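Note sheet for the following structure.
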Amino acid sequence: MTGPDATIARVSLPRPVRQSFHYRIPDELRESAVAGVRVSVPFGRRRETGLIEALVAPSAAPGLKLRALHRVLDSEPVLDADLLELCRWVADYYVAPAGLVFRAALPPGLLGGGADDPGELRRQVVKITRDLPTLTEREQVFGRARRQREAYETLEAIGGRAEVSHMEKQLGFGRSILAGLVERGLAEISLETVERDPFAEQETDVLPIELNRRQQRVLAELADLARQPEPGVAVLRGVTGSGKTVVYIRLMRSVVDSGRGAILLVPEISLTPQTVSRVRAEFGDEVAVLHSGLSDGERKDAWTALRTGRKRVVVGTRSAIFAPVRDPGVIIVDEEHDGSYKQGETPRYHARSVAVVRAGLSGALCVLGSATPSLESWARARTGQWTALQLPERATPHPLPEVEVVDLREEEGPPPRILSKRLRDALADRIERGEQSLLLLNRRGHSTWVSCESCGWIAVCRSCNVSLTWHRKRGRLVCHHCAHEEPSRETCPECGAGTLAYTGVGTEQVERHLGEVFPAARIARMDVDTTGRKWSHRDILDSVRRGEVDVLLGTQMISKGLDLPGVTLVGVIDADVGLNLPDFRASERSFQLLSQVAGRAGRGRRPGKVLVQTARPSHFAIQCALVHDYEGFAERELADREEPGYPPHLRLANLVISGRDEDAVESAALALGDWLEGLVAARRELAATRLLGPAPCPIDRLRGRWRWHLLIKQPDAAALGAILRFTASHAAIPSGVRLEIDRDPESLL
Ligand code: ADP
Ligand code: ZN
Ligand code: ZN
């Protein structure tokens, strides 16, 4: 809008401040300076790239001597009106700087980190120009240039070519390493026009043609809702293997055929290759795939294709909720309970909540699907605020697997007792019959606890208050919270004794143990340490699918979305890993994880079995998982969260105060607590607020920063928002101390 009154641009800069800035629009830019375009503006002595959030009347910035916009960078808005409004909602609700929200919503590089042209498709590409077929050649060529060799071999593994920015940013090989490869005549760097889709070469899965009766009914209801002017939200609870994915795709098809767009969010693309390939099978070139493994260039290509309307369907992880799909008619969040939908840094948005809001703005249907819906969604479905739909049975004639518990307290023999006799026998039996098994242990590394038996010394990270994990193959003690690692030790650094004990079992140790117990078995491990390369997840899963693996062992990565018909046994090595965390979601997370991983068994012709090892067999999360009783679990957990009150009964925000000086953090936290108490006491409309803390966070030191926190509980979302915004702009936070506001936190650690 450019009227006589709207002559001032309100601009957000990608900076950690909640305020926006006003600029005068020079006459010659009046046509092009519209809401949603990027602009170059003077800021202090520099120029910065920002985004016009809105055009406002001069009266909105009275008395200010405004500087003029310098340049308009786009010929059309990079965010349309709906997306602008969505971003404003995110900034407002999560109390985040609007500029950072815009930056998160746009492909990398568009706002901040340089202002390039979104239409630019030419980029630097590295290509291998000389093969080194033998190991001897490699040793000769690289000698001690270990990083160059790693770069070469990584490049080789991803097909011999990659964008320079991808090698640098995602894979961590700096310019000088790449230049070294070029100097040795092994690779070349050139400028190329690239537009490629990394999933293009992947084979596609064929979908079943006939939906069963229940699927048909659910699809009909969803399609009917999607045609309403205000379709609202539908929660689809379908047991694992009930055929939800097939229903999603049919629904998306009907929406796309009616001329609108469709968005499908998944927790992690690399872990859900089957979902992606099915969507591809249906939509071919019309679908853009967005995930964290994409290079910046690939991401921008996909974004451009959506924005121009060339593609109308997107499948992607968390940030794909901001994809510029035109006129979305349906937004589906698959595995909606998954914690990865919450962003762990500012803006700390939850993609599920953003999906609900975006659907509302676009008149789209929002579908939240899961075998184990979050209690937040379930509570709304139960009370009829949202539509509840169910797929209670598997789509294939194979029943849900039988789940049995193994009480670890009854096991005999010396520790570590990794495999109970029952689990060992069951594995032996599957290996002998040529059937496959999955083993879950949600803890990586070899030993998670290194201590001295003489003096009690414990290996902890020097910048975090967490114990270091011993990674045996690498010979390092590693912190799983920051980048710190150090060499393994033979003797205690405190008392010099050689009495170090390595306890606490991780996946690396289980792998070794399996190798000893089943020397002939083919074992694969899938966790963060074995999946560093871009396609390594897919490679591991492909080899499982081809029957080249007898036992697939892994962390929660193996629990999601996998449809592996050869798997007849699932073993959970230690169900208590998550159950013992000091977090109000510990039971819910454990129940979800057990249900998900159990759902991987018996998807083929042969029935499945699940063995859960635990020292707390009577815990209700385990008991309910044993009998696939979601509703029983939800009822009990909802009751447990009534007192002390936790979501979904009320709204929660976690205020984390951190800094490098322990005393300063403590006194800032105490002062903030007092200030908040004064605030809620002074206003009658905030009387229902409950404040908890301040207290040290469960992990009270992280990456060198001391941490305290404070919980705010409020029955009313709007009141909580008001408190948070007032706090962000008025609470006095001393310099050197940082306040982070995490609204609707996924974890309180
Ligand atoms: P979910 O997403 O609920 O876990 P999927 O959509 O992955 O379930 O379906 C599980 C399995 O059942 C897949 O192998 C799928 O091909 C199959 N399936 C789904 N619907 C049908 C159907 N109507 N007839 C036969 N097989 C089906
Ligand atoms: Zn010691
Ligand atoms: Zn650390």
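Terminal number for the sequence shown in numbering that gives the first Met the number 0: 748, no gaps in between. The beta-carbon is built from N, C-alpha and C at its ideal position, and this holds for glycine as well. What you are looking at is a predicted structure, and each value in this text was computed from that prediction instead of being measured.
The residue among P57, G703 and L72 with its C-alpha nearest the C-alpha of G49 is L72. K559 is a Cβ neighbour of E334, given a cutoff of 8 angstroms.
Leaving aside the five residues that flank N464 on each side, the residues in its chain whose CB is nearer than 8 angstroms to its CB run, in chain order, I698, D699, R700 and L701.
In this structure, I127 lies away from V163, with their beta-carbon atoms at least 8 angstroms apart.
Inclusion of I268 and V255 in the CB contact set at 8 angstroms is not warranted, their separation being larger than that value. Per DSSP, the continuous beta strand (DSSP E) segment holding H21 begins and ends at F20 to R23. Here the alpha carbon of L513 sits roughly 11 angstroms from the alpha carbon of L551. Relative to ligand 1, the beta carbon of T502 is positioned no closer than 7 angstroms to any heavy atom. For T395, no pairing in a beta bridge is given by DSSP. Annotation for L578: no beta strand (DSSP E) segment contains it, though the alpha helix (DSSP H) segment containing it runs D575 to L578. The closest heavy atom of ligand 2 lies 7 angstroms or more from the beta carbon of W469. Counting only runs of at least 3 residues, the segment 597 to 676 fully encloses the following beta strand (DSSP E) elements, listed from N- to C-terminal order: 608 to 613 and 650 to 658.
Cβ contact annotation for K420 (same chain, cutoff 8 angstroms, sequence separation greater than five): E410, in chain order. A straight-line Cα-Cα distance of about 10 angstroms links R174 and L180.
Excluding the 5 residues flanking it on each side, V312 has same chain C-beta neighbours closer than 6 angstroms at A261, F282, E285 and V286, in chain order. K712 has L651 and R689 as its beta-bridge partners, per DSSP.
One Cα belongs to E484, the other to C478, and the distance between them is close to 6 angstroms.
When C-alpha distances from C494 are compared across R471, V459, A150 and C451, the shortest belongs to C451.
Annotation note: the segment 346 to 393 contains the following uninterrupted beta strand (DSSP E) runs of length 3 or greater, listed N- to C-terminal: 364 to 369 and 386 to 390. Between R682 and T153, the alpha-carbon positions lie close to 60 angstroms from each other. Rounded to whole angstroms, R443 and M525 show a C-alpha spacing of 10 angstroms. The shortest CA-to-CA distance from A219 to any of E229, L190, M251 and D91 is the one to M251. Proximity of the beta carbon of A680 to ligand 1 is not indicated: no heavy atom of the ligand is located closer than 7 angstroms. Runs of beta strand (DSSP E) with 3 or more residues, each lying fully within the segment 516 to 587, are found at 522 to 525, 550 to 553 and 566 to 571, listed in chain order. Annotation for S462 indicates a beta carbon within 7 angstroms of some heavy atom of ligand 3. Proximity to ligand 1 was defined by a C-beta distance below 6 angstroms to any of its heavy atoms, and the residues meeting it, in sequence along the chain, are P207, E209, L210, N211, Q214, G237, T239, G240, S241, G242, K243, T244, V245, A394, T395 and D562. Measuring C-alpha to C-alpha distances from T307 to each of Q215, C623, V77 and Q123 identifies V77 as the nearest. At least one heavy atom of ligand 2 lies less than 7 angstroms from the C-beta of A496. Secondary-structure assignment with DSSP links R66 through a beta bridge to Y22. Taking the CA atoms as reference points, G237 sits about 16 angstroms from A600. Straight-line measurement puts the Cα of L83 at about 18 angstroms from the Cα of I330. Boundaries cannot be given for D326, as no beta strand (DSSP E) includes it and DSSP labels it neither H nor E.
Counting along the chain, S175 sits inside the alpha helix (DSSP H) bounded by residues R174 to E182. Within the same chain, and ignoring the five residues on either side of D582 in sequence, the residues whose Cβ sits closer than 7 angstroms to its Cβ are S746, L747 and L748. Within 10 angstroms of the beta-carbon of D26 lie fewer than 16 other beta-carbons, which makes it exposed. Check the Cα spacing between V611 and each of P643, R635, R588 and L568: the tightest is with L568.
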